[in-house]
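Participant: First residue of the sequence shown: 3, per this note's numbering; consecutive thereafter.
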Amino acid sequence: MSLPLGLGASGFSFSPGSGLKNLHESFSKQGYKTRSCADALKGSPHFCCDVDKVLQRGSLRQQVVSVSRPDYCDHSHEEGTEEVSKATLIWRAIKLPIYSVALVPLTVGSAAAYLQTGLFLSGRYFLLLASSVLIITWLNLSNDVYDFDTGADKNKKESVVNLVGSRSGAIIAAYSSLFLGVFWLTWASADAGNMCSILLLACAIICGYIYQCPPLRLSYQGLGEPLCFAAFGPFATTAFYLLLGSTSNITSLPLTRTILCASFFVGFTTSLILFCSHFHQIEEDTAVRKMSPLVCMLLVFMFFVRKAADSFFHFFLLSCKQVRLGAERGSTVVKGAAMILYTLLFSAGISGALPLTCSVLCALTLPIAKLVVKFVEENHKDKEKIFMAKYYCVRLHALFGAALAAGLVLTRVLPKRYVPRLIFSSVILSLDMKS
């Protein structure tokens with residue numbers, strides 16, 4: 003039975019006339035309330051004390067007040083006059099394209115298991131897919147709830163809490179999805195007789211919890227991307243590989259360089275989606291002291307500016323560039339990440355960690371990566387347009403994952419047999435001697 007590599011289950015299309023374009027057009031109609039540069043600066047935990055001290059000086063207070071948004075601090079994002087339709091807000095709140103992060107780890111893990119065993123367990127695959135969708139639903143809903151609590155989503159109309167008008171309803175739906183998803187994952191693991199997989203999935207869920215839920219909320223400490231990488235990459239993808247390769251004849255699979263390398267690429271592209279989701283909300287994150295990578299970049303810059311500034315007025319004018327500079331450095335990171343992604347891809351193919359078919363097919367996604375880089379470089383200063391950056395990354399993530407899975411399947415089908423190299427040989431294959 004062939005592996006279903008189509009991405010239709012994720013609910014979105016890659017055609018120019020797809021929902022992505024409609025989402026872009028509708029979003030451009032909505033304005034965002036912006037805070038003044040002085041307010042954004044005072045929201046920073048590292049500089050608020052210095053700003054307050056200087057603002058107490060009467061001579062400089064009037065100078066600062068008299069400065070009305072310099073040209074390079076003018077975002078020109080005033081409150082939109084046109085109301086966005088509720089249907090559009092609901093579409094944004096659902097975040098349907100983001101659910102590809104549930105499909106890709108499962109499909110890549112299934113393809114790796116097929117390469118190892120030649121088996122595809124369709125019933126277990128779709129059970130795990132439903133479970134993964136429920137887990138992602140929990141992540142999305144609980145993230146909206148806790149961001150609402152901190153004030154990060156105060157002016158976010160597409161927030162689920164703002165739409166339904168009930169925090170308790172959103173949090174109940176979130177944890178109901180989590181409970182049902184965990185139940186099905188446990189059932190699938192018990193059916194496969196593989197407890198190692200449920201431990202890996204538990205680690206992935208724990209990463210999601212400490213990422214956004216109190217009391218830790220490590221995403222506010224700038225650790226969102228590493229947690230995202232670990233959860234969707236090594237933990238989830240490897241767990242699905244073990245689950246979809248375990249049968250009554252094969253109780254566990256060996257960990258090979260192929261599955262570890264494939265899980266790395268899944269985690270890498272998933273983290274890129276999260277990174278690009280910060281571009282349009284640098285000011286909001288700064289206001290609630292959420293240390294996203296882009297906020298951290300601008301704070302580091304401002305630290306050195308403060309050391310070099312001759313006066314507060316000079317410092318204030320330079321700090322008004324904070325949002326643009328944070329986003330500008332972020333666009334450089336996106337370009338570097340794309341270069342690293344494909345460099346490691348070709349290195350894995352040459353070294354034999356990945357089959358050559360995977361390297362060739364994944365290389366075909368290079369134009370999509372260039373599109374992501376170009377879009378971020380051209381629009382990182384535009385808060386309205388840069389919102390779409392994460393959806394461009396979703397395209398890259400989904401297509402890269404599909405190419406990776408297709409390469410693994412084709413390697414098994416092609417006449418020349420590729421033998422994955424073992425990492426841990428202590429994992430035993432229990433084969434039924436009667437078969």
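Note that beta-carbon positions come from the ideal geometry of N, C-alpha and C, so glycine has one too.
(1) From the DSSP output, in three-state form, read off Thr367 for me.
(2) Looking at Ala391: is its Cβ nearer than 8 Å to the Cβ of Phe281?
(3) To the nearest whole angstrom, what separates the beta carbons of Gly269 and Phe242, a pair I think is in contact under 8 Å?
(4) Do Leu401 and Cys360 count as a contact pair if the criterion is CB distance below 8 Å?
(5) Using the rule of at least 16 other Cβ atoms within 10 Å of the residue's Cβ for burial, across every protein chain shown, is Gln214 buried or exposed?
(6) Please classify Thr258: does DSSP put it in a helix, a strand, or coil?
(7) Where does Cys360 sit, in a helix, a strand or coil, going by DSSP?
(8) Mind listing, in chain order, the continuous alpha helix (DSSP H) runs of no fewer than 4 residues lying wholly within the region 136-169?
(9) Does the region 178-190 come within contact of the region 131-140, defined as at least 3 CB pairs closer than 8 Å?
(10) Please state whether DSSP places Leu246 in a helix, a strand or coil.
(11) Under the rule that 16 or more other beta-carbon atoms within 10 Å means buried, what is Val375, buried or exposed?
(12) For the ligand ZN, I want to know if Leu246 counts as a neighbour, meaning its beta carbon is within less than 7 Å of at least one of the ligand's heavy atoms.
(13) Rounded to the nearest angstrom, what separates Thr367 and Tyr344 at their Cα positions?
(14) Given that a residue counts as buried once 16 or more other Cβ atoms are within 10 Å of its Cβ, and exposed if not, what is Pro417?
(15) Run the CB neighbour count on Gly125, radius 10 Å, all protein chains shown included, and call it buried at 16 or more, exposed below.
(16) Which first and last residues belong to the alpha helix (DSSP H) in which Glu286 is found?
(17) Could you work out which residue in Ser144, Leu406, Asp193 and Leu201 is closest to Gly171 when comparing CA atoms only?
(18) For Lys88, count the other beta carbons within 10 Å of its own beta carbon; 16 or more makes it buried, fewer makes it exposed. Which is it?
(19) If contact is defined by three or more beta carbon pairs under 8 Å, each pair taking one atom from either stretch, is the region 345-356 in contact with the region 261-276?
(20) Can the beta-carbon of Leu274 be found closer than 8 Å to that of Cys364?
(21) Answer yes or no: do Phe231 and Thr272 have a C-beta to C-beta separation smaller than 8 Å?
(22) In the region 97-138, which residue ranges form an unbroken alpha helix (DSSP H) of at least 4 residues, counting only runs that do not cross its ends?
(23) For Ser161 and Thr119, what's the separation of their Cα atoms in angstroms?
(24) For the alpha helix (DSSP H) containing Leu401, list its first residue and its last residue.
(25) Express the C-alpha separation of Tyr211 and Leu398 in angstroms, rounding to a whole number.
(26) Under three-state DSSP, which class holds Ser87?
(27) Ordered along the chain, which non-local residues of its own chain (more than five positions away) have a Cβ less than 7 Å from that of Phe16?
(28) Using the C-alpha atoms, what's the distance from Ser279 back to Leu229?
(29) Where does Met341 sit, in a helix, a strand or coil, going by DSSP?
(30) Quick one: is Ser191 buried, meaning 16 or more other Cβ sit within 10 Å of its Cβ, or exposed?
(31) So, does the CB of Ala232 fall closer than 8 Å to a CB anywhere in chain D?
(32) Any idea what DSSP makes of Cys215, helix, strand or coil?
(33) Determine the contact status of Leu245 and Ala194, defining contact as a CB-CB distance below 8 Å.
Facilitator: So, to answer that:
(1) Position 365 of the sequence shown holds residue 367. It is coil, neither helix nor strand.
(2) In the sequence shown, counting from the first residue as 1, residue 391 sits at position 389. In the sequence shown, counting from the first residue as 1, residue 281 sits at position 279. Yes.
(3) Taking the sequence shown and counting its residues from 1, one reaches residue 269 at position 267. Taking the sequence shown and counting its residues from 1, one reaches residue 242 at position 240. That pair is no contact at about 13 Å.
(4) Residue numbering aside, residue 360 sits at position 358 when the sequence shown is read from its first letter. Residue numbering aside, residue 401 sits at position 399 when the sequence shown is read from its first letter. Taking 8 Å as the cut-off, the beta carbon of Cys360 is found no closer than this to the beta carbon of Leu401.
(5) Mapped onto the sequence shown, residue 214 falls at position 212. Buried.
(6) Counting from one through the sequence shown, the residue named residue 258 turns up at place 256. Residue state, collapsed to three classes: strand.
(7) As a first step, residue 360 is located in the sequence shown; it is residue number 358 there, counting from the start. Three-state result, Cys360: helix.
(8) DSSP runs (the alpha helix (DSSP H)) wholly in the region 136-169: 162-166.
(9) Touching, per the Cβ criterion.
(10) Your numbering for residue 246 matches position 244 in the sequence shown. The answer is helix: DSSP assigns Leu246 an H, G or I state.
(11) As a working note, residue 375 is residue 373 in the sequence shown. With 16 or more other Cβ atoms within 10 Å, it is buried.
(12) By its list of ligands, the structure shown contains no ligand whatsoever, and the ligand ZN lies outside what it can speak to.
(13) Here residue 367 refers to the residue found at position 365 of the sequence shown. Here residue 344 refers to the residue found at position 342 of the sequence shown. Each residue's Cα considered, the two are about 10 Å apart.
(14) The residue given as residue 417 occupies position 415 in the sequence shown. Exposed.
(15) Working through the sequence shown from its first residue, we reach residue 125 at position 123. With fewer than 16 Cβ atoms within 10 Å of its Cβ, Gly125 is classed as exposed.
(16) Counting from one through the sequence shown, the residue named residue 286 turns up at place 284. First-last of the alpha helix (DSSP H) with Glu286: Ile284 to Ala289.
(17) To locate residue 171, count along the sequence shown from 1; it is residue 169. The shortest C-alpha to C-alpha distance from Gly171 to any of Ser144, Leu406, Asp193 and Leu201 is the one to Ser144.
(18) Counting from one through the sequence shown, the residue named residue 88 turns up at place 86. With fewer than 16 Cβ atoms within 10 Å of its Cβ, Lys88 is classed as exposed.
(19) Note that the region 261-276 touches the region 345-356; at least 3 beta-carbon pairs, one per stretch, sit closer than 8 Å.
(20) What you label residue 274 is simply residue 272 of the sequence shown in a count that begins at 1. What you label residue 364 is simply residue 362 of the sequence shown in a count that begins at 1. Between Leu274 and Cys364, the CB-CB gap reaches or exceeds 8 Å.
(21) Within the sequence shown, the letter at position 229 stands for residue 231. Within the sequence shown, the letter at position 270 stands for residue 272. In this structure, Phe231 lies near Thr272, with their beta-carbon atoms less than 8 Å apart.
(22) Within the region 97-138, the complete alpha helix (DSSP H) segments at least 4 residues long are 102-119, listed from N- to C-terminus.
(23) Walking along the sequence shown from the start, residue 161 turns up at place 159. Walking along the sequence shown from the start, residue 119 turns up at place 117. For Ser161 and Thr119, the distance between alpha carbons rounds to 44 Å.
(24) Position 399 of the sequence shown, counting from 1, holds the residue named residue 401. Ala391 to Val415 is the extent of the alpha helix (DSSP H) around Leu401.
(25) For the purposes of this step, residue 398 is taken as residue 396 along the sequence shown, with counting starting at 1. For the purposes of this step, residue 211 is taken as residue 209 along the sequence shown, with counting starting at 1. In a straight line, the C-alpha of Leu398 is about 26 Å away from that of Tyr211.
(26) Along the sequence shown, read from residue 1 onward, the residue named residue 87 stands at position 85. Here DSSP, grouped into helix, strand and coil, assigns Ser87 to coil.
(27) Here residue 16 corresponds to residue number 14 of the sequence shown, with the count starting at 1. Only weak support is given to the placement of Phe16: the predicted model assigns it a pLDDT of 41, under 50, and the question is left unresolved by the model.
(28) Along the sequence shown, one-based indexing puts residue 229 at 227. Along the sequence shown, one-based indexing puts residue 279 at 277. Those two C-alpha atoms are separated by around 15 Å.
(29) Position 339 of the sequence shown, counting from 1, holds the residue named residue 341. Assigned with DSSP and collapsed to three states, Met341 falls in helix.
(30) Within the sequence shown, the letter at position 189 stands for residue 191. When all chains shown are included, Ser191 counts as buried.
(31) Chain labels in this structure do not include chain D; a single protein chain is all it has.
(32) Within the sequence shown, the letter at position 213 stands for residue 215. The three-state reading of DSSP puts Cys215 in coil, since its state is none of H, G, I, E or B.
(33) Residue 245 sits at position 243 when you count from the first residue of the sequence shown. Residue 194 sits at position 192 when you count from the first residue of the sequence shown. Taking 8 Å as the Cβ cut-off, Leu245 and Ala194 qualify as a contacting pair.
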